[in-house]
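> Have a look at this one before I ask anything.
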Amino acid sequence: MNDIDPLLNADDRFVLGNVALMAVTHGFGGEIADIVELLKEEDPTDASACLLEAVYLDSIGDAETALETLESFNVFETQNGREDAIAFHLHLVAKLGHVERARDLGKAYIRDGDIQKESARHMVVATLNTLRRPGTDRRFETRNSKMRGQNEDEVSYGND
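Under numbering that gives the first Met the number 0, read the sequence shown as residues 0 to 159, first letter to last.
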């Protein structure tokens, strides 16, 4: 983070991130480079800027570079924006055809409690539901026992 005089507070970063995301979704992702760089400079530990860059790369058909971007940033070790970045990472792994890796990662994210944010959990479950095992109609199921006051999450997939 810019320790001398931060230009942006958390609300500013949130707004800029959403502006950049809207630009990507409306086909102007090529215009977000300055915003991404500013967000990275302001808080290099926030995965959100890296996630924006990965979303843009994926939107222009470069899922491989998007995946490399997330992995080189090491989103797994960040605090801010971590869960959304991990969920998108899983989506990219699956999209690139690494089905077993995606299945294993997704189940581990749920089982180990790495994903607590509801929207990120939804993306992980949705991604896993696209990876059904051949010969089964069963979908990935999770019971978020933390929401129910229990100690563990139960995770199953097909006949596992």
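All C-beta atoms, glycine included, are put in the ideal place defined by N, C-alpha and C. Remember, it's a predicted structure, so these values are computed and weren't measured experimentally.
What's the C-alpha gap between Asp113 and Thr64?
Here residue 113 corresponds to residue number 114 of the sequence shown, with the count starting at 1. Here residue 64 corresponds to residue number 65 of the sequence shown, with the count starting at 1. Roughly 24 Å separates the two Cα atoms.
> Sort Glu30, Ala46, His25 and Gly28 by Cα distance to Phe13 and report the nearest one.
Residue numbering aside, residue 13 sits at position 14 when the sequence shown is read from its first letter. It is Ala46.
> Can you give the Cα-Cα distance for His97 and Leu51, rounded to whole angstroms?
Within the sequence shown, numbered from 1, the residue matching residue 97 stands at position 98. Within the sequence shown, numbered from 1, the residue matching residue 51 stands at position 52. Rounded to the nearest angstrom, the two C-alpha atoms are 22 Å apart.
> Our contact map puts Leu69 next to Ala84 with C-beta atoms below 8 Å; I'd like the distance itself, whole angstroms only.
Locating residue 69 in the sequence shown gives position 70, where the first residue counts as 1. Locating residue 84 in the sequence shown gives position 85, where the first residue counts as 1. Indeed, because the Cβ distance is near 6 Å, the residues count as touching under 8 Å.
> Using a Cβ-Cβ cutoff of less than 6 Å, which residues in the same chain neighbour Leu66 once the five nearest sequence positions on both sides are dropped?
Along the sequence shown, read from residue 1 onward, the residue named residue 66 stands at position 67. Excluding residues up to 5 positions away in sequence, Leu91 lie with their Cβ nearer than 6 Å to the Cβ of Leu66 in the same chain.
> At 4 residues or longer, and completely inside the region 68-142: list those alpha helix (DSSP H) runs for me, N to C.
Scanning the region 68-142 for uninterrupted alpha helix (DSSP H) segments of 4 residues or longer gives 81-94, 98-110 and 117-128, listed from N- to C-terminal end.
> How big is the Cα-Cα spacing for Ile59 and Ala53?
As a working note, residue 59 is residue 60 in the sequence shown. As a working note, residue 53 is residue 54 in the sequence shown. If I take the Cα positions, the gap works out to 10 Å.
> So, are the CB atoms of Ala107 and Leu130 less than 8 Å apart?
Position 108 of the sequence shown, counted from the first residue, corresponds to residue 107. Position 131 of the sequence shown, counted from the first residue, corresponds to residue 130. In this structure, Leu130 does not lie closer than 8 Å to Ala107 by Cβ.
> Whose C-beta lies closer than 6 Å to the C-beta of Glu34 among residues of the same chain, with five residues either side of it excluded?
Residue 34 sits at position 35 when you count from the first residue of the sequence shown. As written in the sequence, residue 34 is Ile, which differs from the Glu given in the question. Correct list, in chain order: Leu15 and Ala19.
> What residue from Gly26, Pro43, Gln115 and Thr126 has the CA that sits closest to Arg100's CA?
Sequence index remark: in the sequence shown, residue 100 carries index 101 (1-based). Looking at the Cα atoms, Thr126 is the closest of the given residues.
> Which same chain residues, not among the five before or five after Ala62, have their C-beta less than 8 Å away from its C-beta?
The residue labelled residue 62 in the question sits at position 63 within the sequence shown. Within the same chain, Ala62 has close Cβ partners Leu56, Leu91, Lys94 and Leu95.
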